[in-house]
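Scroll down for the structure; my scribbles are underneath it.
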Amino acid sequence: MNKFITFEGMDGAGKSTHLTWFAEALRARGHEVVVTREPGGTPLGEQLREILLHQPMSIGTEALLMFAARLEHIEQVIRPALQAGQWVLSDRFTDATFAYQGGGRGMDWAKLTELEHWVHADLQPDLTLFFDVPVEVARQRLSANASLDRFEQEQADFFERVRAGYHRRVAQHPQRYALIDASVSLGEVKSKLEQVLTSI
1 MNKFITFEGM DGAGKSTHLT WFAEALRARG HEVVVTREPG GTPLGEQLRE ILLHQPMSIG
61 TEALLMFAAR LEHIEQVIRP ALQAGQWVLS DRFTDATFAY QGGGRGMDWA KLTELEHWVH
121 ADLQPDLTLF FDVPVEVARQ RLSANASLDR FEQEQADFFE RVRAGYHRRV AQHPQRYALI
181 DASVSLGEVK SKLEQVLTSI
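The opening position of the sequence shown corresponds to residue 1 in our numbering, with each subsequent residue numbered one higher.
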């Protein structure tokens with residue numbers, strides 16, 4: 001049976017690297033896999049991504065644009081793929097909005113919840129892999145990147161709030177999360193992911 005699996009974590013947690021490996025492992029098992037990302041995943045979503053990552057804006061505008069891109073993503077990519085029997089792996093989904101706009105920016109959690117219910121009340125990930133890493137480790141990994149977007153350029157206290165936002169979300173929906181310690185070696189993370197693969 002196909003599943004909708006999301007990969008979450010702060011910038012620098014390594015989730016994108018592990019998503020690629022996870023997708024290949026699923027394909028090796030004979031599954032059709034669609035790999036996508038947020039914000040983005042559609043032509044309109046990718047245009048909104050460029051705006052979101054590089055243009056200054058108010059917190060409310062930021063959240064609304066995230067959900068606008070998400071609605072398009074769900075209707076154009078995620079739902080059609082799931083209905084076709086394909087597995088969908090997404091690099092970020094709504095948890096990221098709660099973590100970044102809710103935790104990091106301090107937007108009202110209740111407003112984000114209303115937007116979530118409006119955009120996809122009937123669709124939640126079957127499984128969310130949360131790659132958790134201390135802020136100092138994530139920032140050290142990002143320091144090698146010469147071109148940082150406006151989120152990656154934020155200060156350490158912003159990322160502490162983002163991490164706390166993720167943990168608040170995990171506490172609200174513990175049944176769909178697999179918590180991955182992303183501060184350990186790539187081999188150790190892969191070992192944990194192999195355990196996850198055998199359980200789905």
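For every residue, glycine included, the Cβ atom is placed at its ideal position computed from N, Cα and C.
Judged by DSSP in its simplified three-state form, D149 adopts coil rather than helix or strand. Taking V77 as the centre and dropping the five residues before and after it, the same chain places the C-beta of V34, T36, G41, T42, V88 closer than 8 Å to its C-beta, in chain order. Assigned with DSSP and collapsed to three states, G41 falls in coil, not helix or strand. E194: member of the alpha helix (DSSP H) spanning 186-199, first to last residue. Within its own chain, the residues whose Cβ lies closer than 6 Å to the Cβ of R27, once the five positions on either side in sequence are excluded, are V33, listed in chain order. A direct Cα-to-Cα measurement between G102 and R79 gives close to 26 Å. Counting along the chain, E154 sits inside no beta strand (DSSP E), nor does DSSP assign it H or E at all. If the five residues before and after H31 are omitted, its C-beta is found closer than 7 Å to the C-beta atoms of W87, all from its own chain and listed in chain order. The beta carbons of E152 and L142 sit about 6 Å from each other, so the pair counts as a contact at 8 Å. Taking a cut-off of 8 Å for Cβ pairs, the region 60-73 and the region 125-141 do not touch, as fewer than three such pairs fall below it. By the neighbour-count definition (other C-beta atoms within 10 Å, threshold 16), H173 is an exposed residue. Annotation: K111 to L64 spans about 10 Å, alpha carbon to alpha carbon.
The region 74-103 contains, as complete alpha helix (DSSP H) runs of 4+ residues, the segments 79-83, 94-97 (chain order). A straight-line Cα-Cα distance of about 43 Å links T198 and S58.
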